[in-house]
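Undergrad: Pasting in a structure now, in structure tokens, and then I'll have a few things to ask.
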Amino acid sequence: MLRYIVSRLALTIPVLVGAAILIFLLMQLVPGDAVSARMAGGAKLSPEQQELMREALGLNRPLLVQLGDYLWGLVRGDLGRSVSGRSVLGLVGAQIPSTLILVAAGMAVALVIGIPLGVLAARRRNTMVDTAAMGTAVLGLSVPQFWLGLMLIFLFAVNLGWFPVLSSGGFDGLVLPAVSLGLAEAAILARLVRSSLIESLEQDYITTARAKGASDSRVTWRHGLRNALVPVVTMIGLQIGNLLGASVVIETLFGRQGVGKLVVDSILQRELAVLQGSILILASIFVLINVVVDIFYKVLDPRVKLGAA
């Protein structure tokens, strides 16, 4: 197991290097820079001052030189500095806990709703309960997250006053963003759990368990669901990536501090160094989560040979 973990972590290095290069090159396609953004914001700078600022930020150097400096900085743990001179690593590090809490809460909403709904549909397949459950899942998948967030704000914050309009650091301020973020993922999980559990319940070991007198609930939850969760774990790993991306919209919508909101602010201010660092850290988290998912396969299914993989 330890050998496999080390090898998987080693394989993440070229992936992250490739991601860093790709992110850097994509940032060069963003129109304008931090200097032009300041001019658009009302700053009065002469052409000479603009050139001096670009030189200080290294924006007038050849592209390959900038890329080399950027990669060398990554090796030293330096993601660069913002226009104001603050460390990008410090800026992103201050916001990442809030985003991770939101993503974890959104994933918890997806699991709490999606897995029981999928199990219910599988146990009552081809009935009205199954149809209603899957219809609810399709509805949840079809509703845009930003529209759902607006409706939740209008109903539970504005009309009922149960939760704050803007997300704060407390639990009350986390509920609406988490629900907005997690409902679509709950719908995906429900559909996947249903199909995977139906297939699992048709296996021979399920027939044997029932022949030994095991109850339907025990057969479903202890025997069937554990094997049905193997493909679900893969989906959960991908969904966390979706949640990290969707946090940009949700944090902006609810006025919640986090990396997502930092990304939006960086785009508006043309803070390319901050934008690069934010996206790279989110990509690193996603890669590491996939490593954890691979390892978790072994916990769910002892037949998985990690060393062979």
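Residue 279 in the numbering used here sits at position 162 of the sequence shown, and the numbers go up by one each step.
Virtual Cβ for every residue (Gly too), placed ideally from N, Cα, C.
By DSSP, does residue 509 sit in helix, in strand, or in coil?
TA: The shown model of the chain, from 118 to 426, leaves out residue 509, and the question about it has no answer.
Undergrad: Run through the DSSP bridge pairs and tell me what residue 204 is partnered with.
TA: 198
Undergrad: Figure out for me which residue from 282, 236 and 257 has the closest Cα to the Cα of residue 318.
TA: 236
Undergrad: So, is residue 200 buried or exposed, given that buried needs 16 or more other C-beta atoms within 10 angstroms?
TA: Burial state of residue 200 is buried, judged by a 10 Å Cβ sphere holding 16 or more other Cβ atoms.
Undergrad: In whole angstroms, what separates the C-alpha of residue 191 from that of residue 369?
TA: Answer to the nearest angstrom: the Cα atoms are 28 Å apart.
Undergrad: May I have the straight-line CA-CA distance separating residue 289 from residue 282, to the nearest angstrom?
TA: 10 Å
Undergrad: Please state if the CB of residue 360 and the CB of residue 220 are separated by a distance shorter than 8 Å.
TA: yes
Undergrad: Taking Cβ positions, are residue 366 and residue 262 nearer each other than 8 Å?
TA: yes
Undergrad: Could you work out which residue in 145, 241, 306 and 188 is closest to residue 225 when comparing CA atoms only?
TA: 306
Undergrad: Name the residue from 396, 406 and 411 whose alpha carbon lies nearest to the alpha carbon of residue 134.
TA: 396
Undergrad: Can you tell me whether DSSP reads residue 473 as helix, strand or coil?
TA: Residue 473 cannot be examined here, being either before or after the span of the chain that is shown, 118 to 426.
Undergrad: The alpha helix (DSSP H) with residue 348 in it runs from where to where?
TA: 342-371
Undergrad: Helix, strand or coil for residue 124? Go by DSSP, reduced to three states.
TA: If DSSP states are grouped into helix, strand and coil, residue 124 belongs with the helices.
Undergrad: Quick one: residues in its chain with C-beta nearer than 8 Å to the C-beta of residue 168, no 5 flanking neighbours on either side, listed in chain order?
TA: 177
Undergrad: Can you tell which of 402, 145 and 266 has the C-alpha that lies nearest to the C-alpha of residue 298?
TA: Comparing alpha carbon positions, the residue from 402, 145 and 266 closest to residue 298 is 266.
Undergrad: So does the stretch 267-277 actually touch the stretch 322-331, counting three or more Cβ pairs closer than 8 Å?
TA: Contact fails: fewer than three Cβ-Cβ distances are below 8 Å.
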